[in-house]
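Those protein sequences? They're chains A, B, C and D, same order as listed. All residue numbers for the first sequence refer to numbering that gives the first Met the number 0, where the first residue is 0 and numbers rise by one. All residue numbers for the second sequence refer to numbering that gives the first Met the number 0, where the first residue is 0 and numbers rise by one. All residue numbers for the third sequence refer to numbering that gives the first Met the number 0, where the first residue is 0 and numbers rise by one. All residue numbers for the fourth sequence refer to numbering that gives the first Met the number 0, where the first residue is 0 and numbers rise by one. From the three backbone atoms N, C-alpha and C, an ideal C-beta is built for every residue, glycine too. Nothing here was measured: the structure is a model prediction, and the numbers come from that model. For reference, the structure is listed below as structure tokens.
Protein chains: 4
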Amino acid sequence: MPSEFGNKLRVSIFGQSHGKAIGCVVDGFPSGEEIDFDALDRFLDRRRGGKNKHSTPRAEADKPEFLSGVENGKTCAFPLCAVIKNGDTRSKDYSALQYTPRPGHADLTAYFKWGENADMRGGGHFSGRLTAPICIAGGIAKQILERRGIFVGAHISQIAGVKDVPFPMIPEKKMLDEISLKTIPVIDDGAGERMLLEIEKARMDLDSVGGIVECAVTGLPEGLGGPMFDGVENRLAKAVFGIPAVKGVEFGEGFHAAKMRGSENNDAFYFDENGRILSKSNHAGGILGGITTGMPIVLRAAFKPTPSIARRQKTVNLETCENTEIEISGRHDPCVVIRAVPVVEAVCALAVLDMLLEGK
Amino acid sequence: MPSEFGNKLRVSIFGQSHGKAIGCVVDGFPSGEEIDFDALDRFLDRRRGGKNKHSTPRAEADKPEFLSGVENGKTCAFPLCAVIKNGDTRSKDYSALQYTPRPGHADLTAYFKWGENADMRGGGHFSGRLTAPICIAGGIAKQILERRGIFVGAHISQIAGVKDVPFPMIPEKKMLDEISLKTIPVIDDGAGERMLLEIEKARMDLDSVGGIVECAVTGLPEGLGGPMFDGVENRLAKAVFGIPAVKGVEFGEGFHAAKMRGSENNDAFYFDENGRILSKSNHAGGILGGITTGMPIVLRAAFKPTPSIARRQKTVNLETCENTEIEISGRHDPCVVIRAVPVVEAVCALAVLDMLLEGK
Amino acid sequence: MPSEFGNKLRVSIFGQSHGKAIGCVVDGFPSGEEIDFDALDRFLDRRRGGKNKHSTPRAEADKPEFLSGVENGKTCAFPLCAVIKNGDTRSKDYSALQYTPRPGHADLTAYFKWGENADMRGGGHFSGRLTAPICIAGGIAKQILERRGIFVGAHISQIAGVKDVPFPMIPEKKMLDEISLKTIPVIDDGAGERMLLEIEKARMDLDSVGGIVECAVTGLPEGLGGPMFDGVENRLAKAVFGIPAVKGVEFGEGFHAAKMRGSENNDAFYFDENGRILSKSNHAGGILGGITTGMPIVLRAAFKPTPSIARRQKTVNLETCENTEIEISGRHDPCVVIRAVPVVEAVCALAVLDMLLEGK
Amino acid sequence: MPSEFGNKLRVSIFGQSHGKAIGCVVDGFPSGEEIDFDALDRFLDRRRGGKNKHSTPRAEADKPEFLSGVENGKTCAFPLCAVIKNGDTRSKDYSALQYTPRPGHADLTAYFKWGENADMRGGGHFSGRLTAPICIAGGIAKQILERRGIFVGAHISQIAGVKDVPFPMIPEKKMLDEISLKTIPVIDDGAGERMLLEIEKARMDLDSVGGIVECAVTGLPEGLGGPMFDGVENRLAKAVFGIPAVKGVEFGEGFHAAKMRGSENNDAFYFDENGRILSKSNHAGGILGGITTGMPIVLRAAFKPTPSIARRQKTVNLETCENTEIEISGRHDPCVVIRAVPVVEAVCALAVLDMLLEGK
């Protein structure tokens with residue numbers, strides 16, 4: 000179904016941006032797993048808006064409430080349901096837009112699909128706000144994975160034309176943790192500052208910018224996944240394309256591999272001193288034939304620039320059937336990429352935990 | 000399951016490269032659909048090797064045999080099974096490699112997953128040969144779609160550093176047909192010749208090259224797909240990553256969107272003279288919020304360079320547990336991208352037909 | 000996943016008997032469907048306890064709260080989430096039982112599966128209380144079906160040894176409505192009174208009784224379902240066996256067909272005056288080859304006697320690893336069958352709507 | 000999809016009764032499992048017709064051919080495809096019936112669903128012949144289970160009004176083996192002879208009889224399955240209702256439990272001398288809360304009498320739109336129950352192996 004993914008760990012997301020609440024149901028978490036609610040809150044904080052001028056001013060102070068699946072701070076074998084009440088919504092910002100679909104948004108395609116039945120205030124179920132419950136589920140998945148020595152971390156790889164340095168071949172937990180604490184989660188802080196300048200320039204131009212998030216998963220056992228259509232790439236891609244605004248996903252060298260020679264791109268295998276088989280490079284991004292090699296999974300997700308911009312834009316009026324123009328007021332990020340970093344981690348953690356639970 | 004995909008149209012692939020046969024089962028084709036076996040054979044021919052020096056010399060003359068699901072040349076409501084017998088296999092080419100996994104291949108990860116139980120002769124179930132049954136299924140799906148005015152076509156967008164021109168905003172059926180007849184399926188034949196030179200150079204260097212395939216789907220109704228995890232991008236990505244050697248998938252502007260401003264990337268909507276809502280550009284690749292806009296779907300898939308190269312490579316010996324080197328003889332394409340073009344069309348046609356059958 | 004079912008209409012149930020809340024998420028309801036909340040409440044009322052001495056004295060006055068998927072009283076295209084807060088729970092009733100699994104319950108099997116991690120207070124996620132959110136989802140499905148001329152109704156076919164008369168071949172909506180208003184939903188009120196006597200006798204004996212619910216679905220189009228494993232029987236059975244205490248499901252003549260001759264059991268087809276093909280009898284229960292015939296679907300579900308009885312019972316102590324005995328106090332129905340009637344209707348309505356949305 | 004079932008072990012059946020071949024694809028068998036082809040053939044023999052006057056005279060001597068998934072007599076990690084060529088078909092037997100749907104068959108519902116597109120010669124994909132590939136898959140599953148100490152066996156519980164004795168609480172492998180060797184697989188051979196008389200009587204009357212098959216699974220670990228909709232009963236029922244002519248499925252006491260008191264039906268737990276928790280009775284049929292108790296699973300499936308009878312029957316003519324009568328010649332079992340016994344074992348073995356592979 001549209002708002003679900005996973006095989007053995009099934010994640011279901013519900014809610015509309017301006018409805019009563021948003022939330023998730025996760026069926027399949029291992030039982031007896033302690034949840035560190037403070038750590039979870041810090042993780043959710045990374046996604047939250049309202050903290051600085053680079054993000055949407057909508058405050059979402061409210062914390063998740065756990066309706067089921069957690070008892071005495073531990074997962075209790077049954078589906079976990081967590082909800083966040085929608086408090087600070089200003090639907091009137093959107094009422095003017097009801098018949099004038101915003102370019103780059105799902106307004107028009109939702110109209111094509113459901114006519115006027117869809118609750119599209121504030122983007123409805125398509126809103127970036129729906130990534131909050133994804134992060135609740137994914138934040139818990141990250142904790143469960145960490146307990147097994149598996150770490151999921153991401154950084155901004157690019158915003159506008161500014162690039163961060165790539166992850167080293169095996170990013171240490173320490174590095175991933177440090178990045179996660181930064182306001183602009185990058186490896187090279189100089190690049191981060193230049194990214195901020197680009198975002199600020201776009202904002203002054205009543206415009207927005209896109210970017211790329213790079214995510215790594217370390218400590219994974221080899222042998223997860225499988226051939227063809229349900230392998231590691233397929234499942235991660237299915238999950239990552241579920242994040243609003245993602246238009247591309249690549250693994251290892253990805254699109255760059257198209258320019259490489261086989262002799263460059265092949266990763267040579269060797270036995271390390273402990274008798275474990277590793278590779279000297281990781282162009283494959285930790286995946287061969289849809290199955291994990293034991294090297295880190297590396298993926299990159301491309302985000303398009305925020306479609307909500309303050310500039311006047313051409314669109315149609317669905318009521319009068321005339322061409323028209325709109326200006327979007329509302330509250331919007333000039334760049335969603337910063338807040339998207341933990342969301343990419345969240346869906347990757349969920350997809351990876353799902354594969355781990357399936358086992359070899 | 001690993002070797003299946005689709006919701007309402009379920010495609011299942013079986014067979015190993017050097018086993019008795021390979022084939023597909025497709026459950027859910029509409030009934031009463033005529034199959035043009037000549038057209039299907041021409042389609043399969045585009046994928047077949049043995050035709051020129053740029054492709055593998057293994058001849059696969061044998062045609063598919065339909066065991067079920069087709070009667071009197073029409074789909075007959077029940078699961079379609081088609082098989083291709085494996086005739087021309089030279090397993091001894093591979094026996095030397097049994098304990099020395101080839102870099103860039105699934106040999107090692109299959110070993111991690113199944114030990115010595117997996118039949119990995121010639122790549123086993125991971126072999127590019129398994130794309131033949133995908134093309135049988137996809138070739139039929141293409142015919143069914145064409146009957147409904149929906150056309151799926153692809154071209155080589157890039158090989159090594161050489162780029163073809165991109166598709167026009169709305170590629171005509173005539174253009175797609177013409178490309179499909181070319182030995183090197185490109186729009187700009189000059190680029191095609193330069194690509195061949197790159198492939199030939201790589202071959203002379205005992206090496207290989209990668210590339211990018213661009214695929215378009217025209218004539219699609221608007222409103223297919225859905226939000227989040229089962230939308231158009233998710234489903235197409237899941238299907239396309241099922242093709243061996245694909246390491247990246249992007250839609251519309253894809254990774255390039257990361258460098259764009261919102262004002263550039265947003266597609267302005269307008270009513271055309273027939274009262275249909277279109278957009279003046281198609282940066283979105285025909286998809287907003289996971290739902291079709293009615294503009295063509297445009298996707299690109301990145302293929303890594305063929306991992307099988309004739310050069311000496313470092314690897315491990317799983318029997319002696321020592322580091323070692325191998326040379327791969329066998330028969331291999333220095334570039335899989337040419338033969339991959341119809342395969343990309345095939346999986347896209349299947350995924351699109353699946354969504355069409357689900358309807359709005 | 001365990002707590003989900005459906006293909007195109009996906010129903011997910013969460014919550015534990017003594018947790019914070021119970022609820023459902025339903026992905027796939029048609030959009031723009033009005034919900035008659037009063038009718039829904041009357042439907043939920045049929046399942047609620049606390050009304051008379053034949054049912055559990057636990058009061059569940061609280062109404063469902065709709066968190067998503069409903070706006071202005073209509074389904075709004077996105078997943079519907081409804082929750083019921085758990086107010087009146089007396090967990091201490093159960094604390095004594097933590098290490099002494101109740102015979103006939105899931106206490107022991109949950110312990111086998113999850114050790115002490117499962118929240119099994121009051122039966123946890125296995126509790127009959129979890130049928131309340133099933134009824135919210137199913138009650139809405141019933142309304143959507145009724146709008147399309149499809150009616151789902153059930154009656155008690157048997158309790159202990161007392162049998163009601165069976166449904167007529169085509170039960171009218173009026174009959175189904177009348178049954179639904181009765182305290183004991185039967186066709187023959189005399190039988191109903193004798194059933195009450197049996198329940199009362201069991202209660203006086205500190206014991207419980209089982210029974211059978213018969214459910215009919217009228218007005219269904221022909222041609223829904225399919226051969227083999229995803230046909231009408233398979234899907235309805237999968238849904239009905241999801242109700243706690245169900246141990247058997249049969250369609251049409253069901254187990255009785257085992258005693259019949261083909262000449263008796265075959266339903267003769269004929270054209271009625273309107274040129275519609277009907278059958279003169281409905282031994283098939285409206286299903287041939289897993290596909291609807293257009294005649295009413297008729298199924299029966301067997302419920303075992305309530306396992307919670309006040310008598311002293313033998314069991315084990317998981318802590319001391321000794322054989323022991325228990326007495327269950329708590330609050331329990333001596334017969335769940337009365338309250339199960341709307342639950343059977345609910346899961347059937349959901350499964351039928353799911354098939355209807357898939358179409359032919 | 001209609002012709003598939005299973006979560007981790009995915010079974011797909013293809014073919015029409017009078018098409019080129021019938022077969023199965025099974026994705027997910029453990030790798031490296033030896034297949035005893037002689038034992039498999041003996042198992043298939045139990046289902047085959049043509050051996051005596053009680054079964055259809057159609058000879059199906061041909062053996063399965065394995066196209067993939069098996070190398071050197073072992074499962075080789077990839078999807079297993081086995082086919083049986085259709086040799087001995089006499090389609091002309093059926094041509095007369097094309098427009099006169101046979102009562103009790105899927106002819107009419109297939110026509111409702113697919114019009115004249117469906118290949119319904121000999122029942123098409125609905126034919127009992129399609130149980131042959133189910134038995135190939137299930138026969139292999141049985142061997143894999145036996146290697147793990149899990150045994151699946153069945154007997155005829157009832158034909159017409161004649162009943163066999165029920166299984167003892169824990170049927171030994173020896174008993175299951177002995178039953179499987181009998182022409183009439185029953186425990187009490189006297190009952191078997193009376194059953195034969197009933198079948199013979201029906202045959203002389205140009206009629207047919209139904210029956211019940213009882214199946215047991217012993218040696219299963221506790222803790223398999225789960226609550227609600229994907230538990231042991233749900234999954235087994237979904238599989239068993241996939242067998243043509245099954246109209247009812249029950250577990251443990253099943254429908255009889257409806258007449259019992261809780262004090263009778265509850266199974267008292269106790270520690271045996273090895274510290275294992277067992278129950279003194281097994282009214283639950285080895286399942287509580289959808290999860291295995293470790294006691295044998297016991298289920299019964301009700302088969303309707305063969306709908307193909309030689310008597311004149313009333314039906315419709317779809318071409319002339321008139322009521323009419325038919326006589327079915329062809330070759331048909333007066334009772335399918337004898338040959339159904341291994342089929343019930345096959346689907347149970349597949350469903351149980353699927354659950355076992357999912358693990359706790």
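Would you mind working out which of B:Leu66, B:Val340, B:Leu349 sits nearest Cys80 (chain D), comparing C-alpha positions?
-> Against the fourth sequence, residue 80 (chain D) aligns to sequence position 81. For Cys80 (chain D), the closest C-alpha among the options B:Leu66, B:Val340, B:Leu349 is that of B:Leu66.
Cross-chain neighbours of Glu199 (chain D) in chain C, by beta carbon under 9 Å | By one-based count along the fourth sequence, residue 199 (chain D) stands at place 200. Listed by position along chain C, the residues whose Cβ is nearer than 9 Å to that of Glu199 (chain D) form an empty set, because the closest Cβ is around 13 Å away.
Met227 (chain A) versus chain B: which residues are under 7 Å apart at the beta carbon?
-> In the first sequence, the residue the question calls residue 227 (chain A) occupies position 228. Within chain B, the residues near Met227 (chain A) are Pro1, Ser2, Ile12, Gly241.
The segment 110-122 of chain D: which residues have C-beta closer than 9 Å to a C-beta of chain B, in chain order?
-> Identification of residues in the segment 110-122 of chain D having a C-beta nearer than 9 Å to some C-beta of chain B yields Lys112, Trp113, Gly114, Glu115, Asn116, Ala117, Asp118, Met119, Arg120, given in sequence order.
In angstroms, rounded to a whole number, what distance separates the CA positions of Arg47 (chain B) and Arg101 (chain B)?
-> Within the second sequence, residue 47 (chain B) is the residue found at index 48, counting from 1. Within the second sequence, residue 101 (chain B) is the residue found at index 102, counting from 1. One C-alpha to the other measures close to 24 Å.
For a contact meaning CB atoms closer than 9 Å, what does Ala159 (chain C) contact in chain A?
-> Taking the first residue of the third sequence as 1, we reach residue 159 (chain C) at position 160. Near Ala159 (chain C) there are no residues of chain A at all, since even the closest Cβ is about 33 Å away, more than 9 Å.
Report the three-state DSSP secondary structure of Gln142 (chain C) (helix, strand or coil).
-> By 1-based counting over the third sequence, the position of residue 142 (chain C) is 143. In the three-state reduction of the DSSP assignment, Gln142 (chain C) falls in the helix class, which pools H, G and I.
Candidates C:Ile12, C:Gly123, C:Phe28, of which the one nearest Phe366 (chain C) by Cα | One cannot answer for residue 366 (chain C) here, as it falls past the ends of chain C, which runs 0 to 359.
Below 8 Å on the Cβ atoms is my guess for Ala153 (chain B) versus Val208 (chain B); work out the distance and round it to an integer in Å.
-> The residue you call residue 153 (chain B) lines up with position 154 of the second sequence. The residue you call residue 208 (chain B) lines up with position 209 of the second sequence. Contact flag wrong, Cβ pair sits at about 18 Å.
Quick one: list the residues of chain G neighbouring Glu232 (chain D), beta-carbon separation under 7 Å, in chain order.
-> Absence of chain G from the displayed structure is noted, the protein chains being A, B, C and D.
CB of Ile133 (chain A) within 8 Å of CB of Val346 (chain A), strictly = Stepping through the first sequence from its first residue, residue 133 (chain A) is reached at position 134. Stepping through the first sequence from its first residue, residue 346 (chain A) is reached at position 347. Closer than 8 Å, so yes.
Would you kindly work out how many angstroms separate the C-alpha atoms of Glu171 (chain B) and Gly103 (chain A), rounded to a whole number?
-> Within the second sequence, the letter at position 172 stands for residue 171 (chain B). Within the first sequence, the letter at position 104 stands for residue 103 (chain A). Approximately 25 Å, taken between the alpha carbons.
Could you name each continuous alpha helix (DSSP H) segment of 4 residues or more that falls completely within the segment 133-196 of chain A, going from the start of the chain to the end?
-> DSSP runs (the alpha helix (DSSP H)) wholly in the segment 133-196 of chain A: 172-180.
Mind pulling the chain A residues with CB within less than 7 Å of Val346 (chain C)?
-> Counting from 1 along the third sequence, the entry for residue 346 (chain C) is found at position 347. Going along chain A, no residue has its Cβ under 7 Å from Val346 (chain C), so there is no contact; the nearest lies around 17 Å.
Val10 (chain B) in three-state terms, based on DSSP | Sequence index remark: in the second sequence, residue 10 (chain B) carries index 11 (1-based). Here Val10 (chain B) sits in strand by DSSP.
In chain order, which continuous runs of the beta strand (DSSP E) of length 3 or greater are located wholly inside the segment 299-357 of chain B?
-> If you keep only unbroken beta strand (DSSP E) runs of at least 3 residues inside the segment 299-357 of chain B, you get 312-316, 321-325.
Between the CA atoms of Met119 (chain C) and Glu318 (chain C) - distance to the nearest angstrom | Counted from its first residue, the third sequence places residue 318 (chain C) at position 319. Counted from its first residue, the third sequence places residue 119 (chain C) at position 120. Distance between the alpha carbons of Glu318 (chain C) and Met119 (chain C) is about 16 Å.
Leu39 (chain A) by DSSP, collapsed to three states: which one?
-> Numbered from 1 along the first sequence, position 40 holds the residue referred to as residue 39 (chain A). In the three-state DSSP reduction, Leu39 (chain A) falls in the helix class (H, G or I).
What is the DSSP secondary structure of Lys359 (chain B), counted as helix, strand or coil?
-> In the second sequence, counting from the first residue as 1, residue 359 (chain B) sits at position 360. For Lys359 (chain B), the secondary structure class from DSSP, reduced to helix, strand or coil, is coil.
Contact check, Leu356 (chain C) vs Leu39 (chain C) under 8 Å by CB: the rounded distance?
-> Here residue 356 (chain C) refers to the residue found at position 357 of the third sequence. Here residue 39 (chain C) refers to the residue found at position 40 of the third sequence. Not really, about 20 Å apart at Cβ, beyond 8 Å.
8 Å contact criterion, which Val151 (chain D) and Cys214 (chain D) should meet: CB distance rounded = In the fourth sequence, the residue the question calls residue 151 (chain D) occupies position 152. In the fourth sequence, the residue the question calls residue 214 (chain D) occupies position 215. Their Cβ separation, rounded to whole angstroms, is 7 Å, which keeps Val151 (chain D) and Cys214 (chain D) in contact under 8 Å.
Would you please state the rounded distance, in angstroms, between the beta carbons of Val343 (chain A) and Val212 (chain A)? I believe it to be under 8 Å.
-> In the first sequence, the residue the question calls residue 343 (chain A) occupies position 344. In the first sequence, the residue the question calls residue 212 (chain A) occupies position 213. The Cβ separation is near 5 Å, so the contact holds.
Neighbourhood of Arg310 (chain A) by C-beta, 7 Å cutoff - its chain only, sequence neighbours within 5 removed = Locating residue 310 (chain A) in the first sequence gives position 311, where the first residue counts as 1. Apart from sequence neighbours up to five positions away, the residues of its chain that approach Arg310 (chain A) with a beta-carbon distance below 7 Å are Leu205, Asp206, ordered along the chain.
Would Ile242 (chain C) pass as a contact of Thr108 (chain C) if the rule is Cβ separation under 8 Å?
-> Sequence index remark: in the third sequence, residue 242 (chain C) carries index 243 (1-based). Sequence index remark: in the third sequence, residue 108 (chain C) carries index 109 (1-based). No.
Would DSSP call Ser278 (chain B) helix, strand or coil?
-> As a working note, residue 278 (chain B) is residue 279 in the second sequence. Of the three classes helix, strand and coil, the one that applies to Ser278 (chain B) here is strand, per DSSP.
Reference Glu326 (chain C), options C:Val25, C:Cys75, C:Lys19, C:Thr99, closest by Cα | If you number the third sequence from 1, residue 326 (chain C) lands on position 327. Comparing Cα positions, the closest option is C:Thr99.
Residues bridged to Cys75 (chain B) [DSSP beta-bridge criterion] | Position 76 of the second sequence, counted from the first residue, corresponds to residue 75 (chain B). Answer is none; Cys75 (chain B) lacks a bridge partner.
Phe4 (chain B) versus Ala201 (chain D) - alpha carbon distance = Your numbering for residue 4 (chain B) matches position 5 in the second sequence. Your numbering for residue 201 (chain D) matches position 202 in the fourth sequence. Going from the Cα of Phe4 (chain B) to the Cα of Ala201 (chain D) covers about 47 Å.
Under 8 Å between C-beta atoms of Phe254 (chain B) and Ala301 (chain A) = One-based indexing of the second sequence puts residue 254 (chain B) at position 255. One-based indexing of the first sequence puts residue 301 (chain A) at position 302. Between Phe254 (chain B) and Ala301 (chain A), the C-beta spacing is below 8 Å.
Quick one: using the 10 Å Cβ neighbour count with 16 as the cut-off for buried, is Ala320 (chain D) buried or exposed?
-> In the fourth sequence, counting from the first residue as 1, residue 320 (chain D) sits at position 321. Here the sequence assigns Cys to residue 320 (chain D), which means Ala is not the residue at that position. With fewer than 16 other CB atoms across the displayed protein chains lying within 10 angstroms of its CB, Cys320 (chain D) is exposed.
Counting Cβ pairs closer than 8 Å, one from the segment 265-274 of chain A and one from the segment 188-200 of chain A, do we hit at least three?
-> Using a C-beta cut-off of 8 Å, the segment 265-274 of chain A makes no contact with the segment 188-200 of chain A, since fewer than three inter-stretch Cβ pairs fall below that distance.
What does Asn322 (chain A) reach in chain B if we use C-beta pairs closer than 7 Å?
-> The residue labelled residue 322 (chain A) in the question sits at position 323 within the first sequence. Chain B residues near Asn322 (chain A): Tyr269, Phe270.
Any Cβ of chain A within less than 8 Å of the Cβ of Ile139 (chain C)?
-> If you number the third sequence from 1, residue 139 (chain C) lands on position 140. Not closer than 8 Å to any Cβ of chain A, the Cβ of Ile139 (chain C) fails to qualify, so no.
Quick one: grab the DSSP three-state call for Gly31 (chain D).
-> Walking along the fourth sequence from the start, residue 31 (chain D) turns up at place 32. Coil at Gly31 (chain D), not helix or strand.
Please name the residue, chosen from C:Ile34, C:Ser156, C:Pro63, that lies closest to Gly22 (chain C) on a Cα-to-Cα basis.
-> Position 23 of the third sequence, counted from the first residue, corresponds to residue 22 (chain C). For Gly22 (chain C), the nearest C-alpha among the options comes from C:Pro63.
When the cut-off is 8 Å and only beta carbons count, does Gln97 (chain B) lie next to chain D?
-> Looking up residue 97 (chain B) in the second sequence gives position 98. Judged by the 8 Å Cβ criterion, Gln97 (chain B) is not in contact with chain D.
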